[in-house]
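Engineer: Chains as they are written, first to last, in our numbering: chain A, 124 to 342; chain B, 124 to 342.
2 protein chains.
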Amino acid sequence: MEFEHLFPIWDKLTVSEQKLLNQYALRRTAVKGTLLHSGSDDCLGLFIIHTGQLRAFILSQEGKEVTIYRLFEGDICLFSASCTMQSIQFDISIEAEKDTELWIIPPDVYKKLMDSSIAVANYTNQIMASRFSEVMWLIEQIMWKSFDKRLAGFLLEESVLEESELLKITHERIAAHMGTAREVVTRMLRYFQSEGMVVLSRGTVQIKNRKKLQMLSEQ
Amino acid sequence: MEFEHLFPIWDKLTVSEQKLLNQYALRRTAVKGTLLHSGSDDCLGLFIIHTGQLRAFILSQEGKEVTIYRLFEGDICLFSASCTMQSIQFDISIEAEKDTELWIIPPDVYKKLMDSSIAVANYTNQIMASRFSEVMWLIEQIMWKSFDKRLAGFLLEESVLEESELLKITHERIAAHMGTAREVVTRMLRYFQSEGMVVLSRGTVQIKNRKKLQMLSEQ
Numbered sequence: 124m125e126f127e128h129l130f131p132i133w134d135k136l137t138v139s140e141q142k143l144l145n146q147y148a149l150r151r152t153a154v155k156g157t158l159l160h161s162g163s164d165d166c167l168g169l170f171i172i173h174t175g176q177l178r179a180f181i182l183s184q185e186g187k188e189v190t191i192y193r194l195f196e197g198d199i200c201l202f203s204a205s206c207t208m209q210s211i212q213f214d215i216s217i218e219a220e221k222d223t224e225l226w227i228i229p230p231d232v233y234k235k236l237m238d239s240s241i242a243v244a245n246y247t248n249q250i251m252a253s254r255f256s257e258v259m260w261l262i263e264q265i266m267w268k269s270f271d272k273r274l275a276g277f278l279l280e281e282s283v284l285e286e287s288e289l290l291k292i293t294h295e296r297i298a299a300h301m302g303t304a305r306e307v308v309t310r311m312l313r314y315f316q317s318e319g320m321v322v323l324s325r326g327t328v329q330i331k332n333r334k335k336l337q338m339l340s341e342q
Numbered sequence: 124m125e126f127e128h129l130f131p132i133w134d135k136l137t138v139s140e141q142k143l144l145n146q147y148a149l150r151r152t153a154v155k156g157t158l159l160h161s162g163s164d165d166c167l168g169l170f171i172i173h174t175g176q177l178r179a180f181i182l183s184q185e186g187k188e189v190t191i192y193r194l195f196e197g198d199i200c201l202f203s204a205s206c207t208m209q210s211i212q213f214d215i216s217i218e219a220e221k222d223t224e225l226w227i228i229p230p231d232v233y234k235k236l237m238d239s240s241i242a243v244a245n246y247t248n249q250i251m252a253s254r255f256s257e258v259m260w261l262i263e264q265i266m267w268k269s270f271d272k273r274l275a276g277f278l279l280e281e282s283v284l285e286e287s288e289l290l291k292i293t294h295e296r297i298a299a300h301m302g303t304a305r306e307v308v309t310r311m312l313r314y315f316q317s318e319g320m321v322v323l324s325r326g327t328v329q330i331k332n333r334k335k336l337q338m339l340s341e342q
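1. Please give the ranges of any beta strand (DSSP E) in the region 138-220 of chain A, keeping only runs that are unbroken, at least 3 residues long and fully inside the region.
2. At least one CB of chain A closer than 8 angstroms to the CB of B/W226: is that the case?
3. In its own chain, which residues sit with a C-beta less than 6 angstroms from the C-beta of A/G302, not counting the 5 before and 5 after it?
4. Does the beta carbon of B/M311 come closer than 8 angstroms to any beta carbon on chain A?
5. Can you tell me whether B/I292 is helix, strand or coil according to DSSP?
6. Would you check if the distance between the CB atom of A/A219 and the CB atom of A/G168 is smaller than 8 angstroms?
7. With 16 as the cutoff for other CB atoms within 10 Å, does B/A298 come out buried or exposed?
8. What are the start and end residues of the alpha helix (DSSP H) that includes A/F241?
9. How big is the Cα-Cα spacing for A/K235 and A/I241?
10. Indicate whether at least one CB of chain A lies closer than 8 angstroms to the CB of B/A133.
11. For B/E281, name the three-state secondary structure that DSSP assigns.
12. Any C-beta of chain B sitting closer than 8 angstroms to the C-beta of A/M266?
13. Would you kindly check if the distance between the Cβ of B/M320 and the Cβ of B/L274 is under 8 angstroms?
14. Please list, in chain order, all residues of the same chain as B/T293 whose beta carbon is under 7 angstroms from its beta carbon, the five residues on each side excluded.
15. Against chain A, with Cβ distances strictly below 8 angstroms, would B/L261 count as a contact?
16. So with Cβ pairs under 8 angstroms, would you call A/S256 a contact of chain B?
17. Alpha helix (DSSP H) containing B/S340: first to last residue?
18. With three or more beta-carbon pairs closer than 8 angstroms as the criterion, would you say the region 155-169 of chain B touches the region 257-273 of chain B?
19. Using DSSP with H/G/I as helix, E/B as strand and the rest coil, what is B/L136?
20. Kindly say whether A/M208, judged by its beta-carbon, lies nearer than 8 angstroms to any beta-carbon of chain B.
21. For the candidate residues A/Y233, A/A244 and A/D231, whose alpha-carbon lies nearest to that of B/M237?
22. What does the alpha-carbon distance come out to for the pair B/Q176 and B/D164?
23. Roughly how many angstroms separate the alpha carbons of B/S256 and A/Q212, rounded to a whole number?
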């Protein structure tokens with residue numbers, strides 16, 4: 124697939140802007156687990172995901188993680204080009220959660236486009252507003268949803284992403300996604316197991332009663 | 124003070140864009156406590172704060188609040204014009220926390236400017252990135268900072284905003300700012316009092332040991 128089919132506002136660019144992108148956009152492959160961006164010192168550029176899955180997360184000083192959002196095919200990651208916008212004052216990390224093919228637009232090229240094209244500037248606005256919406260959703264979850272409901276929702280979401288009822292994920296990883304301690308996850312998963320919603324074994328969580336999980340998560 | 128001195132990129136607008144703003148920007152006064160914007164159905168327009176103080180907060184279905192950020196003189200509130208950006212998919216409420224004078228740019232006028240001016244489009248980006256940074260800071264606080272440290276930080280911030288050691292605020296209001304229950308606030312304030320950091324009386328919290336509060340909040 125060509126770059127131009129992935130860039131949503133390609134048709135709104137001038138020919139010279141299109142040439143600039145064709146000349147400088149880089150294709151890259153990142154195997155699962157690759158850390159593509161880490162904090163505000165990194166500024167590799169804008170990522171456009173071709174195939175695969177990226178995870179954006181924040182990291183505490185003590186090394187605790189919370190997943191902020193995920194990016195899928197066709198999604199654009201703005202914060203890996205945070206140096207193009209001076210008002211971005213937070214550190215985010217981006218890792219490949221699956222083997223991922225992506226395009227990278229170098230920050231100086233993107234900055235040039237933002238300064239010359241109203242379409243690009245307003246599209247950048249739309250991307251940021253989408254991420255903002257995801258982050259606001261997360262705050263609501265953290266503030267107002269009890270952990271059992273959040274965990275039920277997380278397991279269901281994972282199952283959709285993996286297209287499987289058998290999730291190969293450790294309690295440690297779930298804790299990192301949700302920003303809590305492993306023990307808290309283990310305790311709740313055991314409760315879910317006792318209620319017949321999941322079956323646990325080493326390194327896996329198998330969903331047994333999807334409907335019950337769904338009802339819990341939607342309460 | 125004229126509108127043009129408050130609008131930070133006035134000089135980057137064309138004469139006709141300036142005329143448009145001069146013609147349609149509205150001046151409004153909101154007394155303390157006025158709810159200026161409530162959820163995504165409202166779309167009054169962009170607020171530019173002349174004097175006073177606004178508070179942006181989210182509201183749970185059960186009526187619980189959390190303060191997301193505050194806006195002061197010269198600040199711009201974008202989300203009161205959320206209908207200008209289709210990707211904004213969350214509900215925020217805005218209230219006057221002090222008597223406030225503000226300018227309002229109607230949403231259709233602002234939309235027109237975003238579509239015609241690269242300066243406005245990119246400035247909108249900067250505003251959103253600033254708010255995004257504040258929200259990310261809030262997530263880090265909620266996830267990783269214990270309640271005693273957050274409360275100490277909140278009292279110190281209030282004291283700066285009110286320019287006083289004597290805060291006229293109820294435990295109920297503090298709870299609404301921080302997204303917790305009144306009892307939790309009361310318990311912690313009593314602990315602060317027993318440690319000599321504050322003195323409590325009906326409807327007020329008096330800061331007695333600023334240094335100790337500061338040390339706690341920075342831990």
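Just so it is clear, CB atoms sit at the ideal spot from N, CA and C, and this is done for glycine as well.
Structural biologist: In this structure, then:
1. 149-153, 158-161, 169-174, 177-182, 188-194 and 216-219
2. Translated into the one-based positions of the second sequence, residue 226 of chain B becomes position 103. No, B/W226 lies away from the interface with chain A (no Cβ there is under 8 angstroms from its Cβ).
3. What you label residue 302 of chain A is simply residue 179 of the first sequence in a count that begins at 1. Within the same chain, A/G302 has close Cβ partners V189.
4. Along the second sequence, read from residue 1 onward, the residue named residue 311 of chain B stands at position 188. So no, B/M311 is outside the interface.
5. By one-based count along the second sequence, residue 292 of chain B stands at place 169. Here B/I292 sits in coil by DSSP.
6. As a position in the first sequence, residue 219 of chain A is number 96, starting the count at 1. As a position in the first sequence, residue 168 of chain A is number 45, starting the count at 1. No.
7. Position 175 of the second sequence, counting from 1, holds the residue named residue 298 of chain B. Answer is buried; the Cβ neighbour count reaches 16.
8. Indexing the first sequence from 1 puts residue 241 of chain A at position 118. With the sequence shown as reference, residue 241 of chain A is identified as Ile, and Phe is not the correct amino acid for it. Where A/I241 is concerned, the enclosing alpha helix (DSSP H) stretches over I241 to W267.
9. For this step, residue 235 of chain A is matched to residue 112 along the first sequence. For this step, residue 241 of chain A is matched to residue 118 along the first sequence. Cα to Cα, the separation comes out at about 11 angstroms.
10. As a position in the second sequence, residue 133 of chain B is number 10, starting the count at 1. The question names Ala, but residue 133 of chain B is Trp in the sequence shown. Answer no: the Cβ-Cβ gap between B/W133 and chain A never drops below 8 angstroms.
11. In the second sequence, counting from the first residue as 1, residue 281 of chain B sits at position 158. B/E281 falls in the helix class under three-state DSSP.
12. Counted from its first residue, the first sequence places residue 266 of chain A at position 143. Judged by the 8 angstroms Cβ criterion, A/M266 is in contact with chain B.
13. Within the second sequence, numbered from 1, the residue matching residue 274 of chain B stands at position 151. Within the second sequence, numbered from 1, the residue matching residue 320 of chain B stands at position 197. In this structure, B/M320 does not lie closer than 8 angstroms to B/L274 by Cβ.
14. The residue given as residue 293 of chain B occupies position 170 in the second sequence. Answer for B/T293: G326, listed in chain order.
15. Taking the first residue of the second sequence as 1, we reach residue 261 of chain B at position 138. Taking Cβ atoms only, chain A reaches closer than 8 angstroms to B/L261, which makes this a yes.
16. Position 133 of the first sequence, counted from the start, is the residue given in the question as residue 256 of chain A. Closer than 8 angstroms: yes.
17. For the purposes of this step, residue 340 of chain B is taken as residue 217 along the second sequence, with counting starting at 1. Looking at the DSSP string, the run of the alpha helix (DSSP H) that includes B/S340 is R333 to E341.
18. The region 155-169 of chain B vs the region 257-273 of chain B: no contact.
19. By 1-based counting over the second sequence, the position of residue 136 of chain B is 13. In the structure shown, B/L136 sits in coil (DSSP, three-state: anything other than H, G, I, E or B).
20. If you number the first sequence from 1, residue 208 of chain A lands on position 85. Closer than 8 angstroms to some Cβ of chain B, the Cβ of A/M208 qualifies, so yes.
21. Residue 237 of chain B sits at position 114 when you count from the first residue of the second sequence. Out of A/Y233, A/A244 and A/D231, A/A244 has the C-alpha closest to the C-alpha of B/M237.
22. Your numbering for residue 176 of chain B matches position 53 in the second sequence. Your numbering for residue 164 of chain B matches position 41 in the second sequence. So the alpha carbons of these two residues sit roughly 23 angstroms apart.
23. As a first step, residue 256 of chain B is located in the second sequence; it is residue number 133 there, counting from the start. As a first step, residue 212 of chain A is located in the first sequence; it is residue number 89 there, counting from the start. One C-alpha to the other measures close to 5 angstroms.
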